[in-house]
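Numbers 21 to 134, taken from the working numbering, label the letters of the sequence shown in order. Don't be surprised by glycine CBs; every beta carbon is placed ideally from N, CA and C. All values reported here derive from a predicted model rather than from experimental measurement. What follows is a single structure, written as C-alpha cells, with notes after it.
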Amino acid sequence: MTRLNVVLLLALVASALALVQTAYESRRLFAEIERAKAELARLESDHARLMAERQAQATNLRVERLARDRLQMAPISPQVTQYVSDAPRRSPAAADTAEAARASGAQAPTGGQR
21 MTRLNVVLLL ALVASALALV QTAYESRRLF AEIERAKAEL ARLESDHARL MAERQAQATN
81 LRVERLARDR LQMAPISPQV TQYVSDAPRR SPAAADTAEA ARASGAQAPT GGQR
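Rendered as C-alpha cells:
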C-alpha cells in the first residue's frame, strides 16, 4: 500500500507542477496578446495620421504652390505654350528637292520613306 501511496504522491506533484507551468504559460501568452493589441492600436493610429497627412500633402493648392516656388513653374497661357507635332520633319534639302519636283511635275525622291 505504501508503494501505491508514493506513486500517487508523485503523480500529484507532477500534476501540480504541470498546472503551475500551464498557468504561467497562460499568463505569459495573455501578456503577449495585450502587448500585440497595444501595438495594433498604435499602428492603426499611425496609419490614420499618415493617411490624413498624405491627403493634406496632395491637395491641389499645395502642389501648385510647390510648383511655383520650388520649380519656378508658371500657369499656362497661349504666349508660353509650345505645341509639339509628331509628323516627321523633312530635311531642308529634301524639301527643296520635293518643291522643285512639284514645280516640274515629276515625282520627288522620298529617300525610301512612305
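So the alpha helix (DSSP H) residue i belongs to, where does it begin and stop?
i	result
threonine 79	Neither: threonine 79 is in no alpha helix (DSSP H) and is coded neither H nor E.
Can you tell me whether residue i is helix, strand or coil according to DSSP?
i	result
threonine 101	coil
arginine 109	coil
isoleucine 96	coil
leucine 63	helix
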